[in-house]
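In the numbering used here, the protein residues as written are 1496 to 1845.
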């Protein structure tokens, strides 16, 4: 059985997002039903809605940065109760029995994790619909507890932008005494700065834009390196333990690899597309690593949220109403937001 609810989505790659009706399944024994309060706007939402990656299923309802209130739970749910404030990120299911799931890495599920939207709907058939909607029903395992001291609207983007940047910093054990570079000051980059600084690292913002220096320092950066300044790049050559590269499009990574120390690592989290040719010497000389990272598992995402609660970390957000989403998409594409849009979902319920 299913219930019809309001949502915002697109019917094809060139269509604006518009009001539509979708179905949500009735509660299974291990499900949590959530009234959505806020939903962040991720650049991935735009790529998916416009079929930039070639795998979109229509109609598509984006949104995987969800904060809401529990309004019902299944009979076997033990972690959550009606009235709890919770979050849902980029996944709503996986097999929970493969080696990746056993290692709390559901995002790498060997049988395919189920995306919050555009994934295979195991219950109703077809594909899943995301958080640009009034409510969502999610398996308990994939629901997250939100620290009570945080501003809820600014928590929403933590469910994607937050875990995407926290996970590699956590995995590579960034700590006090490390020198960390964050490439790109956007929705991901501004969180990378906040996390690296909170972990105690010397944090350097690496950007092409000198006018971003003041904002980077406000967010916690110890310094700013202008990548177009060859002299400055030369001064920092061979000095970084770790670089978090958040640039979302194809670019030349060779100059950044040259900044790494021996055994240093650069992790890509933004550019899901071919890169410019990489010079092997930039890896071989110095035994350097170029790696990638995809969000985080549910256990690590909860650790990230707890870390944010302990350190009072949230995203810098600009609030919009649901019917402003198409303008917001254009502004994100033009890098005209500091640093994430969040939808007040009450605007869809009225």
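Glycine included, C-beta positions come from ideal geometry on N, C-alpha and C.
This structure is a prediction, so every number in the text was calculated from the model and none was measured.
- DSSP places residue 1826 in the helix class (H, G or I) of the three-state scheme.
- For residue 1534, the pairing in a beta bridge is given by DSSP as 1561, 1838.
- Counted as a single uninterrupted DSSP element, the beta strand (DSSP E) harbouring residue 1755 occupies residues 1755-1763.
- When DSSP reads this structure, residue 1503 sits in a beta bridge with 1514.
- Closest in alpha carbon position to residue 1810, among 1613, 1789, 1837, is 1837.
- In the structure shown, residue 1718 adopts extended strand secondary structure according to DSSP, grouped into three states.
- Burial is judged here by how many other beta carbons sit within 10 angstroms of a residue's own beta carbon; residue 1678 has at least 16 and is buried.
- Between the region 1499-1510 and the region 1615-1631 there are three or more C-beta pairs closer than 8 Å, enough to call the two in contact.
- As DSSP reads the structure, residue 1812 sits in a beta bridge with 1835.
- Here residue 1663 really is in contact with residue 1739; their C-beta atoms are around 6 Å apart, less than 8 Å.
- Straight across, the Cα-Cα distance linking residue 1583 with residue 1729 is about 43 Å.
- With contacts defined by Cβ atoms closer than 8 Å, residue 1524 and residue 1578 do not form a contacting pair.
- Fully contained in the region 1637-1679 are the following beta strand (DSSP E) runs of length 3 or more, in chain order: 1674-1678.
- The C-alpha of residue 1537 is placed about 21 Å away from the C-alpha of residue 1770.
- Under the three-state reduction of DSSP, residue 1785 is assigned to strand.
- Judged by DSSP in its simplified three-state form, residue 1790 adopts coil rather than helix or strand.
- Beta-carbon to beta-carbon, residue 1655 and residue 1585 are separated by about 6 Å, close enough to satisfy the 8 Å threshold.
- The alpha-carbon separation between residue 1842 and residue 1815 amounts to approximately 9 Å.
- Leaving aside the five residues that flank residue 1539 on each side, none in its chain has a CB nearer than 6 Å to its CB.
- Between residue 1674 and residue 1699 the beta-carbon gap is near 7 Å, inside 8 Å, which marks them as a contact.
- In the structure shown, residue 1713 adopts helical secondary structure according to DSSP, grouped into three states.
- The shortest CA-to-CA distance from residue 1682 to any of 1765, 1629, 1546, 1773 is the one to 1765.
- For the options 1833, 1775, 1556, 1823, the alpha carbon positioned closest to that of residue 1631 is the one of 1556.
- Closest in C-alpha terms to residue 1628, from the list 1706, 1535, 1588, 1812, comes 1535.
- Rounded to the nearest angstrom, the gap between the Cα atoms of residue 1506 and residue 1823 is 18 Å.
- From the listed residues 1541, 1800, 1789, 1806, the smallest Cα separation to residue 1826 is found for 1541.
- Annotation: residue 1791 to residue 1667 spans about 13 Å, alpha carbon to alpha carbon.
- With a beta-carbon spacing of about 7 Å, residue 1633 and residue 1526 fall inside the 8 Å limit used to define contacts.
- Shown here, residue 1739 sits in a strand according to DSSP, grouped into three states.
- Between residue 1647 and residue 1562 a beta carbon distance of about 5 Å is seen, short of the 8 Å cut, so the two are scored as contacting.
- Per DSSP, residue 1555 is not a residue of any beta strand (DSSP E), being assigned neither H nor E.
- Around the Cβ of residue 1726, a 10 Å sphere holds fewer than 16 other Cβ atoms; the residue is exposed.
- Under DSSP, residue 1799 forms no beta bridge with any residue.
- Secondary structure note for residue 1730: its alpha helix (DSSP H) is the uninterrupted segment 1725-1731.
- Under the three-pair Cβ rule at 8 Å, the region 1777-1786 does not count as touching the region 1700-1714.
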